[in-house]
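Numbering-wise, the UniProt record's numbering puts 314 at position 314 of the sequence shown, and it's gapless, one number per residue.
Written below as structure tokens is the structure these notes are about.
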Amino acid sequence: MTTLLPPEFKHEYLYYTNNYTNAFKQPTVKVWDNVLIGPTMYPFPFTIGNETVTYYLVDNQKMGQAQQVYSSANYSTMLSSYETSFFNYVGNITSYCENISISTKNYYIVTISMVAFCLFIVIPTMMLTLFFILKKDRKNAIQLNQTSENLLKETMSDMATRQAFKIFCNERGFGAHINAIEKIMSFKEHCEQSQEMQTKLIEITSDYVNKVNAMHDQNHFNHKGDKVNFKIDDKKTRAIFNISCEAEKKIKHKEYMKSSLIFDILEETQDVASSKVTSELFYAYDCYNNREKMFQDIDILPSMIMDKLEHELSDALINTHLDFKASLKNNTMLSNSEPHHTEIDREEFELELVNV
């Protein structure tokens with residue numbers, strides 16, 4: 001049992017010696033065997049058939065001496081001391097085991113608490129932190145993308161830089177992209193013009209209808225029960241009618257131009273745009289061609305149907321546009337500075353672009 005105890009466990013009971021010269025320095029069991037019983041009994045084997053039976057003969061003289069030793073005060077004192085030491089030893093082992101049990105329990109409690117702390121506080125905190133970092137990175141990426149698209153729009157809005165950028169894209173195999181973006185810009189210009197004409201037409205006709213209704217109500221109030229018969233200014237009516245017809249013709253022409261541009265854009269972007277975006281454009285183009293009445297031209301081809309395609313093409317041209325802007329900056333530096341300042345660092349330019 002002592003081999004199961006840890007090395008740090010100490011007790012005087014563990015230091016009893018096996019020295020037989022002093023019987024009372026040994027455990028009581030050994031004292032009983034070697035001092036009291038051993039010297040007073042002699043074995044006598046006796047064989048009966050295949051079995052051997054051992055009988056013990058008792059030496060009465062030595063038995064008496066052993067009884068005297070057993071009855072002596074010295075033996076009683078040593079036995080009492082041994083019992084006290086033994087029970088103290090057992091009590092210490094019990095306390096030690098209880099302490100180990102409590103320590104183990106506390107260890108498990110601390111371990112479970114740490115695991116629970118990690119599960120309910122640390123891990124969610126890390127996940128939230130990671131979520132906000134990813135969200136911030138996504139937001140920064142969107143802002144960078146929007147800034148790049150705005151710079152691209154600025155380049156496309158200026159005719160000089162547009163032509164230079166168009167040549168730059170053609171040299172790098174992005175001619176279809178830049179041509180499609182040009183046609184998308186033209187498509188949106190036609191959309192704005194068509195929307196303005198529609199708004200003006202609605203304003204003119206609504207004002208005229210309101211005035212006619214007011215005149216009709218006044219005439220009906222002044223001539224109750226009589227047949228309503230008021231004269232409308234034929235000249236003004238014809239003028240408004242002519243304006244409306246002319247506006248409708250222009251609107252139809254704009255919508256036709258928009259449909260032609262969609263067809264050209266689809267041809268340009270068959271190999272460079274995603275099938276999802278082009279399928280939406282094909283659907284809008286089919287809706288325009290399959291319209292039942294001419295007045296359904298309005299709002300069949302809104303400008304928003306080009307937003308996804310424009311965004312996709314702009315994303316494809318972002319790096320090319322960065323190279324183009326860097327080349328412009330490089331050419332400017334080449335013309336205004338010394339030769340050792342002609343190289344442009346693209347990473348520095350992208351950092352400036354983010355700060356914008």
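The beta carbon of each residue, even a glycine, is placed where N, CA and C say it ideally should be.
Subject >> Neighbourhood of Asn179 by C-beta, 6 Å cutoff - its chain only, sequence neighbours within 5 removed >> reply: Counting from 1 along the sequence shown, the entry for residue 179 is found at position 179. The beta carbon of Asn179 is closer than 6 Å to those of Glu268 in its chain, skipping five residues each way along the sequence.
Original post:
Helix, strand or coil: how does DSSP classify Thr147 here?
Top reply: Taking the first residue of the sequence shown as 1, we reach residue 147 at position 147. When DSSP states are grouped into helix, strand and coil, Thr147 belongs to the helix group.
Original post:
What does DSSP give as the partner residues of Thr125 in its beta bridges?
Top reply: Within the sequence shown, residue 125 is the residue found at index 125, counting from 1. The bridge partners DSSP lists for Thr125 come to none.
Subject >> Alpha-carbon to alpha-carbon, Val90 and Ser81 >> reply: Counted from its first residue, the sequence shown places residue 81 at position 81. Counted from its first residue, the sequence shown places residue 90 at position 90. Answer to the nearest angstrom: the Cα atoms are 14 Å apart.
Original post:
Just reading off the alpha helix (DSSP H) that Thr77 is part of, what are its end residues?
Top reply: On the sequence shown, residue 77 is found 77 positions in, with the first residue counted as 1. Residues 73 to 117.
Subject >> Same chain, Cβ closer than 6 Å to Phe165, neighbours up to 5 away in sequence not counted >> reply: Position 165 of the sequence shown, counted from the first residue, corresponds to residue 165. Counting only Cβ-Cβ distances below 6 Å, and skipping sequence neighbours, we find Thr155, Phe324.
Subject >> Helix, strand or coil at Thr52 [DSSP, three-state] >> reply: Mapped onto the sequence shown, residue 52 falls at position 52. Residue state, collapsed to three classes: strand.
Original post:
If you draw a straight line from the C-alpha of Leu281 to the C-alpha of Glu255, how long is it?
Top reply: Counting from 1 along the sequence shown, the entry for residue 281 is found at position 281. Counting from 1 along the sequence shown, the entry for residue 255 is found at position 255. For Leu281 and Glu255, the gap between their C-alpha atoms comes out near 15 Å.
Original post:
Can you tell me where the alpha helix (DSSP H) with Phe165 in it begins and where it stops?
Top reply: Working through the sequence shown from its first residue, we reach residue 165 at position 165. Note, Phe165: alpha helix (DSSP H), 159 to 171.
Original post:
Which word fits Met159, buried or exposed, when buried means at least 16 other C-beta atoms lie within 10 angstroms of its C-beta?
Top reply: The count along the sequence shown starts at 1 and reaches residue 159 at position 159. When all chains shown are included, Met159 counts as exposed.
Original post:
So, is Leu134 buried or exposed, given that buried needs 16 or more other C-beta atoms within 10 angstroms?
Top reply: Stepping through the sequence shown from its first residue, residue 134 is reached at position 134. Result: exposed.
Original post:
Where Leu130 and Ser103 are concerned, what is the direct C-alpha to C-alpha distance, given to the nearest angstrom?
Top reply: By 1-based counting over the sequence shown, the position of residue 130 is 130. By 1-based counting over the sequence shown, the position of residue 103 is 103. Looking at the backbone, the Cα of Leu130 and that of Ser103 are separated by about 37 Å.
Original post:
Would Glu312 pass as a contact of Ala273 if the rule is Cβ separation under 7 Å?
Top reply: Here residue 312 is taken as the residue at index 312 of the sequence shown, counted from 1. Here residue 273 is taken as the residue at index 273 of the sequence shown, counted from 1. Cβ atoms of Glu312 and Ala273: closer than 7 Å.
Original post:
Near Lys200, what residues of its chain come up, given a Cβ to Cβ distance below 8 Å and the 5 sequence neighbours on each side ignored?
Top reply: One-based indexing of the sequence shown puts residue 200 at position 200. Sequence-distant partners of Lys200 (beyond 5 residues in either direction) whose C-beta falls short of 8 Å from its own C-beta, in its chain, are Ala247.
Original post:
Got a sec? Which residues, its chain only, sit under 6 Å from Ala141 by beta carbon, not counting five neighbours each side?
Top reply: Sequence index remark: in the sequence shown, residue 141 carries index 141 (1-based). Taken in chain order, the list of residues that qualify is empty.
**OP:** Could you tell me the distance, in whole angstroms, from the CA atom of Gln195 to the CA atom of Lys308?
**Re:** Position 195 of the sequence shown, counted from the first residue, corresponds to residue 195. Position 308 of the sequence shown, counted from the first residue, corresponds to residue 308. Roughly 20 Å separates the two Cα atoms.
Original post:
What separation, rounded to the nearest whole angstrom, lies between the Cα atoms of Leu317 and Ile262?
Top reply: The count along the sequence shown starts at 1 and reaches residue 317 at position 317. The count along the sequence shown starts at 1 and reaches residue 262 at position 262. Leu317 and Ile262 have their C-alpha atoms roughly 20 Å apart.
Subject >> Status (buried if at least 16 other CB within 10 Å, exposed otherwise) for residue 404 >> reply: No information on residue 404 is available, as it lies outside the stretch 1 to 356 that the chain covers here.
Subject >> Alpha-carbon spacing of Ala326 relative to Cys169, whole angstroms >> reply: Against the sequence shown, residue 326 aligns to sequence position 326. Against the sequence shown, residue 169 aligns to sequence position 169. If you take the alpha carbons of Ala326 and Cys169, they lie about 14 Å apart.
Original post:
Which parts of the region 272 to 333 are runs of the alpha helix (DSSP H), unbroken and 4 residues or longer, counting only runs that do not cross its ends?
Top reply: Note on the region 272 to 333: whole alpha helix (DSSP H) runs with a minimum of 4 residues are 275 to 289, in chain order.
Subject >> Alpha-carbon to alpha-carbon, Met257 and Tyr288 >> reply: Counting from one through the sequence shown, the residue named residue 288 turns up at place 288. Counting from one through the sequence shown, the residue named residue 257 turns up at place 257. Rounded to whole angstroms, Tyr288 to Met257 spans 12 Å at the Cα level.
Subject >> Whether Tyr208 touches Ile240 by CB criterion (7 Å) >> reply: Locating residue 208 in the sequence shown gives position 208, counting from the first residue. Locating residue 240 in the sequence shown gives position 240, counting from the first residue. Taking 7 Å as the cut-off, the beta carbon of Tyr208 is found closer than this to the beta carbon of Ile240.
Original post:
On the three-state DSSP scale, how would you describe Gly64?
Top reply: The sequence position of residue 64 within the sequence shown is 64, counting from 1. The DSSP-derived three-state label of Gly64 is helix.
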